[in-house]
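Colleague: What follows is a structure written as structure tokens; I'll ask about it next.
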Amino acid sequence: MIFSDFLIGTIEDNAGLFSLPQLITGLSGCSEQLGYPAGVCQNLFADNQPFTYIPIYVLIKVLHPVIAFNISVTVIALLNYFMAVCFFRRLFSKFIARSLSVILLFSPYLSYQARSHLDLAQVWVVILFLNALLFYHKKYRGPVLGLLATLMLGVSNYLAYFTLLLTAIYLGGLAVYKMVGKSSHPDILFPIKQTVLAVIVFTLTSFWFIVPYVKANFFTPRVRPETNKDTKSVNRPIEDFITFSARPWYFFLPSVDNPFFGQATKTTLAKLSSTGNYLTQNYFKPEHPALYLGLVNIALGVAGLAGISKKKTSQQLAKHKLVALAAANLVLMILTLPPVVELWGMKLHMPSYLLFLVFPMFRVLARAGALILFLNLIFVGYGYEKLQDWLASKNIAPSYAKASILLLVLISLAEFFIPLKLAYVGKAPQVYNYIASLPASTPIVVYPYSKTTEALFWLQYYKKPLINPRYYANKETDFNSEAFTKTLNTSEGLEKAQALGAVYLVYFPNADSAEALDFYTTSNLLRVQKDFRPAEALNFSLPWYDPFVKVIDTSDPWENSALLYKFR
Numbered sequence: 000m001i002f003s004d005f006l007i008g009t010i011e012d013n014a015g016l017f018s019l020p021q022l023i024t025g026l027s028g029c030s031e032q033l034g035y036p037a038g039v040c041q042n043l044f045a046d047n048q049p050f051t052y053i054p055i056y057v058l059i060k061v062l063h064p065v066i067a068f069n070i071s072v073t074v075i076a077l078l079n080y081f082m083a084v085c086f087f088r089r090l091f092s093k094f095i096a097r098s099l100s101v102i103l104l105f106s107p108y109l110s111y112q113a114r115s116h117l118d119l120a121q122v123w124v125v126i127l128f129l130n131a132l133l134f135y136h137k138k139y140r141g142p143v144l145g146l147l148a149t150l151m152l153g154v155s156n157y158l159a160y161f162t163l164l165l166t167a168i169y170l171g172g173l174a175v176y177k178m179v180g181k182s183s184h185p186d187i188l189f190p191i192k193q194t195v196l197a198v199i200v201f202t203l204t205s206f207w208f209i210v211p212y213v214k215a216n217f218f219t220p221r222v223r224p225e226t227n228k229d230t231k232s233v234n235r236p237i238e239d240f241i242t243f244s245a246r247p248w249y250f251f252l253p254s255v256d257n258p259f260f261g262q263a264t265k266t267t268l269a270k271l272s273s274t275g276n277y278l279t280q281n282y283f284k285p286e287h288p289a290l291y292l293g294l295v296n297i298a299l300g301v302a303g304l305a306g307i308s309k310k311k312t313s314q315q316l317a318k319h320k321l322v323a324l325a326a327a328n329l330v331l332m333i334l335t336l337p338p339v340v341e342l343w344g345m346k347l348h349m350p351s352y353l354l355f356l357v358f359p360m361f362r363v364l365a366r367a368g369a370l371i372l373f374l375n376l377i378f379v380g381y382g383y384e385k386l387q388d389w390l391a392s393k394n395i396a397p398s399y400a401k402a403s404i405l406l407l408v409l410i411s412l413a414e415f416f417i418p419l420k421l422a423y424v425g426k427a428p429q430v431y432n433y434i435a436s437l438p439a440s441t442p443i444v445v446y447p448y449s450k451t452t453e454a455l456f457w458l459q460y461y462k463k464p465l466i467n468p469r470y471y472a473n474k475e476t477d478f479n480s481e482a483f484t485k486t487l488n489t490s491e492g493l494e495k496a497q498a499l500g501a502v503y504l505v506y507f508p509n510a511d512s513a514e515a516l517d518f519y520t521t522s523n524l525l526r527v528q529k530d531f532r533p534a535e536a537l538n539f540s541l542p543w544y545d546p547f548v549k550v551i552d553t554s555d556p557w558e559n560s561a562l563l564y565k566f567r
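Under numbering that gives the first Met the number 0, the sequence shown has 487 at position 488, and the numbering climbs by one with no breaks.
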């Protein structure tokens, strides 16, 4: 069946979604199958993102896991589009509102995050919050914003973090705008009473799922990440902040996966990295393209902002709010830059260093790109309006004016476009077919670590205890899957695996250039149970759709070339 055979996206950080709901009966419980023998426990009611994972887990339990995931991706995309249209429709014509919404939907941020991070892909909840912040002026404004902030936090901690940070900057900007005497507008300051009500409602309604994390991260002594034993405490090193922060040029460079302009980005990045400066290294394809705004969007955004600054008022959104939004967006862009920069031998602390000190759990500053782009699209809309007015002043027919705008929209989409990625999961790799036929209590380990993600995904199929799933760690037993897996090419590592109960070791030689093959062949701790190496490489693809659709065969015999060893 096509809906269960093809996964929209890839098998990455989402791998656990496909197996864990099958291993644990309810929304809370434990299973030894994952992270054997200690196992793993979950309680989605105490999860820090319950409004994302409870519905998805329920859907996966009711439907086929792949179908459930594909439905979730589709529904999230529709929500993103619908909420964006509703927001932009308050400001612009239906045509411009829909155009801006499509541009947002095709943004690199959503293209990458929808592949594996369903929480991060849900920008609709951010748009809903901003809609209320900017346009809702009734007496219950404070409580409504508090409830929406709780909804946003329960859907995505990252998106809520950046949105609430932006809100604080925006409200501060309004206050500054008032103090310098630039406006006497009665709504220039967000009423103090409404602010207090919003904070109270937010605190009370988010208390049940966020307090354990607040307590662990803000009210206990902070320790180094490698010595942290609290499962709810997330402490990231500053090196992570530097790696996943923005660089000024990232706002102007399309994704390297873009079929039209990606090669130019690769060339530019190569030239920059040749300088040897550490800030020109570590371009991370799934995250950094989120910062790209699009050259057409930048030009139209600047034009739109310039047009607003010349007007005394704005019919749709008061001028002071637009100015404050633009300023807040600029500040947010600055806050995505590295926390520490070395210039001429001196170490300079940037504004984002404060974010590292106060919120060390939010290391991927580049994810603010989704919010930065959305706010920029507001001014892009004004740019399109200005272009429309200019074309009308030249007596250009409305149909030709609309065609001109449509052309620019298409160029924007071409700048953003990331090929749709599908994973064929209709057939399990041969090695996992064999493991599925083994007795139920047959714990396995997988090597190298890069293949543990697929092992976690296919656990739903072979249903055998997996000792070293990706990202697994048990702080009570001091077990870390990544560190453990890296030792599996040593006798000490194999002995530890055997002590943990491992019966089989699954080795994928193509994933580590067969570096461990000689060791496993000569080890007196192992013997070959079965060889799953094909005679030649085989590729599965749909070439007539390339480069617009990428299909990955997750059961490809060459990519899953494996040797199954049994412990003696």
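Positions of the beta carbon are idealized from the N, C-alpha and C atoms, including for glycine.
#1: Can you list, in chain order, the residues of its chain whose CB lies under 6 Å from that of Ala159, leaving out five sequence neighbours each side?
#2: Where Gly425 and Leu465 are concerned, what is the direct C-alpha to C-alpha distance, given to the nearest angstrom?
#3: What are the residues that DSSP puts in a beta bridge with Ile551?
#4: Could you check what DSSP says for Phe17 in three-state terms: helix, strand or coil?
#5: Using the Cβ count rule (16 or more neighbours within 10 Å means buried), how would you classify Gln32?
#6: State the beta-bridge partners of Cys85 as determined by DSSP.
#7: If we ignore side chains and look at the alpha-carbon of each, how far apart do Phe283 and Leu62 end up?
#8: Are there 16 or more other CB atoms within 10 angstroms of the CB of Phe259, so buried, or fewer, so exposed?
#9: Can you check the segment 22-76 for any beta strand (DSSP E) of at least 3 residues that lies completely inside it and give the ranges in chain order?
#10: Between Phe483 and the rest of its own chain, which residues show a CB-CB distance below 6 Å, the 5 nearest in sequence each way excluded?
#11: Alpha carbon to alpha carbon, how far is Pro107 from Asn276?
#12: Pull up the DSSP beta-bridge partners for Leu525, would you.
#13: May I ask you to verify whether the segment 26-43 touches the segment 190-198, counting CB pairs closer than 8 Å and requiring at least 3?
#14: From which residue to which residue does the alpha helix (DSSP H) around Tyr503 run?
#15: Just the Cα atoms here: how many angstroms apart are Ile241 and Thr335?
#16: Less than 7 Å separating the beta-carbons of Ala148 and Phe201?
#17: Could you tell me whether the segment 205-214 touches the segment 44-63, where touching means 3 or more Cβ pairs closer than 8 Å?
#18: Output the boundary residues of the beta strand (DSSP E) element that contains Leu278.
#19: Return helix, strand or coil for Ala472, following the three-state DSSP convention.
#20: Hey, Phe105 and Phe373 are a contact pair by Cβ (cut 8 Å); roughly how many whole angstroms apart?
#21: Taking the alpha-carbon of Asn375 as reference, which of Glu238, Thr441, Gly300, Phe478 has the nearest alpha-carbon?
#22: For the beta strand (DSSP E) that contains Met345, what are its first and last residues?
#23: Whole-angstrom Cβ separation of Tyr35 and Pro442, contact assumed at under 8 Å?
#24: Assign Asn42 to buried or exposed, taking buried as 16 or more other Cβ atoms, counted over all protein chains shown, within 10 Å of its Cβ.
#25: If distances are taken between C-alpha atoms only, which option among Arg567, Gln387, Thr521 comes closest to Ala501?
#26: On the CB-based measure, 16 or more other CB atoms within 10 Å of its CB, does Gln459 come out buried or exposed?
#27: Hey, how far is the Cα of Phe44 from the Cα of Trp343?
#28: Give the straight-line distance between the Cα atoms of Arg140 and Val124, rounded to the nearest whole angstrom.
#29: Based on the DSSP secondary-structure assignment, which residues constitute the bridge partners of Val445?
#30: Can you give me the C-alpha to C-alpha distance between Tyr506 and His116, rounded to a whole angstrom?
#31: Need the endpoints of the alpha helix (DSSP H) that Ser340 sits in, please.
#32: Pick helix, strand or coil for Asp477, following the three-state DSSP scheme.
#33: Using the Cβ count rule (16 or more neighbours within 10 Å means buried), how would you classify Ala167?
#34: Could you name the residues that DSSP lists as bridge partners for Leu465?
#35: Contact check, Pro359 vs Arg235 under 8 Å by CB: the rounded distance?
#36: With distances taken Cα to Cα, identify the nearest neighbour of Thr6 among Val39, Asn69, Ile53.
Modeller: If we stick to the structure as given:
#1: Against the sequence shown, residue 159 aligns to sequence position 160. Excluding positions up to five away in sequence, the list reads Met151, Leu152.
#2: To locate residue 425, count along the sequence shown from 1; it is residue 426. To locate residue 465, count along the sequence shown from 1; it is residue 466. Roughly 21 Å separates the two Cα atoms.
#3: Residue 551 sits at position 552 when you count from the first residue of the sequence shown. Note: Ile551 sits in a beta bridge opposite Ala422.
#4: Start at 1 with the first residue of the sequence shown, and residue 17 comes out as number 18. Looking at Phe17 - three-state DSSP - the assignment turns out to be helix.
#5: Here residue 32 refers to the residue found at position 33 of the sequence shown. With 16 or more other Cβ atoms within 10 Å, it is buried.
#6: What you label residue 85 is simply residue 86 of the sequence shown in a count that begins at 1. The partner list for Cys85 (beta bridge, DSSP) is empty, contrary to what the question assumes.
#7: Here residue 283 refers to the residue found at position 284 of the sequence shown. Here residue 62 refers to the residue found at position 63 of the sequence shown. Straight-line Cα distance between these residues: approximately 34 Å.
#8: Here residue 259 is taken as the residue at index 260 of the sequence shown, counted from 1. Classification for Phe259: exposed.
#9: 27-30, 39-42
#10: On the sequence shown, residue 483 is found 484 positions in, with the first residue counted as 1. Excluding residues within five positions, the ones whose Cβ falls inside 6 Å are Asn467.
#11: On the sequence shown, position 108 is the one that residue 107 refers to. On the sequence shown, position 277 is the one that residue 276 refers to. Distance between the alpha carbons of Pro107 and Asn276 is about 26 Å.
#12: Taking the first residue of the sequence shown as 1, we reach residue 525 at position 526. Leu525 is bridged to Phe566.
#13: Contact between the segment 26-43 and the segment 190-198 is absent, because fewer than three Cβ pairs lie under 8 Å.
#14: Numbered from its first residue, the sequence shown carries residue 503 at position 504. Note, Tyr503: premise wrong, no alpha helix (DSSP H); beta strand (DSSP E) at 503-506.
#15: Here residue 241 is taken as the residue at index 242 of the sequence shown, counted from 1. Here residue 335 is taken as the residue at index 336 of the sequence shown, counted from 1. Each residue's alpha carbon lies about 10 Å from the other.
#16: Start at 1 with the first residue of the sequence shown, and residue 148 comes out as number 149. Start at 1 with the first residue of the sequence shown, and residue 201 comes out as number 202. Result yes, Cβ atoms of Ala148 and Phe201 sit closer than 7 Å.
#17: Segments in contact, yes.
#18: By 1-based counting over the sequence shown, the position of residue 278 is 279. Unbroken run through Leu278: none, as it is neither H nor E.
#19: Locating residue 472 in the sequence shown gives position 473, counting from the first residue. Of the three classes helix, strand and coil, the one that applies to Ala472 here is strand, per DSSP.
#20: Here residue 105 refers to the residue found at position 106 when the sequence shown is read from its first residue. Here residue 373 refers to the residue found at position 374 when the sequence shown is read from its first residue. No, Phe105 and Phe373 are not in contact; Cβ-Cβ is about 13 Å, not under 8 Å.
#21: Locating residue 375 in the sequence shown gives position 376, counting from the first residue. Checking every option, the nearest Cα to that of Asn375 belongs to Gly300.
#22: Counting from one through the sequence shown, the residue named residue 345 turns up at place 346. Its beta strand (DSSP E) spans residues 345-348.
#23: Counting from one through the sequence shown, the residue named residue 35 turns up at place 36. Counting from one through the sequence shown, the residue named residue 442 turns up at place 443. At roughly 5 Å, the Cβ-Cβ gap stays under 8 Å, so Tyr35 and Pro442 are in contact.
#24: On the sequence shown, residue 42 is found 43 positions in, with the first residue counted as 1. Its Cβ having fewer than 16 others within 10 Å, Asn42 is exposed.
#25: Position 502 of the sequence shown holds residue 501. The shortest Cα separation from Ala501 among Arg567, Gln387, Thr521 belongs to Arg567.
#26: Counted from its first residue, the sequence shown places residue 459 at position 460. Its Cβ being crowded by 16 or more others within 10 Å, Gln459 is buried.
#27: Stepping through the sequence shown from its first residue, residue 44 is reached at position 45. Stepping through the sequence shown from its first residue, residue 343 is reached at position 344. Approximately 51 Å between the Cα atoms of the pair.
#28: Counting from one through the sequence shown, the residue named residue 140 turns up at place 141. Counting from one through the sequence shown, the residue named residue 124 turns up at place 125. So the two alpha carbons sit approximately 17 Å from each other.
#29: For the purposes of this step, residue 445 is taken as the residue at position 446 of the sequence shown. Answer by DSSP bridge pairing, in chain order: Val505.
#30: Start at 1 with the first residue of the sequence shown, and residue 506 comes out as number 507. Start at 1 with the first residue of the sequence shown, and residue 116 comes out as number 117. So the alpha carbons of these two residues sit roughly 28 Å apart.
#31: Stepping through the sequence shown from its first residue, residue 340 is reached at position 341. It is worth fixing the name first, because residue 340 is Val in this sequence and not Ser. For Val340, there is no enclosing alpha helix (DSSP H); the enclosing beta strand (DSSP E) covers residues 339-342.
#32: As a position in the sequence shown, residue 477 is number 478, starting the count at 1. It is coil, neither helix nor strand.
#33: Position 168 of the sequence shown, counted from the start, is the residue given in the question as residue 167. Under this definition Ala167 is an exposed residue.
#34: Counting from one through the sequence shown, the residue named residue 465 turns up at place 466. Its beta-bridge partners are Leu33, Ile443.
#35: The residue you call residue 359 lines up with position 360 of the sequence shown. The residue you call residue 235 lines up with position 236 of the sequence shown. Their Cβ separation, rounded to whole angstroms, is 5 Å, which keeps Pro359 and Arg235 in contact under 8 Å.
#36: For the purposes of this step, residue 6 is taken as residue 7 along the sequence shown, with counting starting at 1. The displayed chain sequence assigns Leu, not Thr, to residue 6. With distances taken between Cα atoms, Leu6 lies closest to Asn69.
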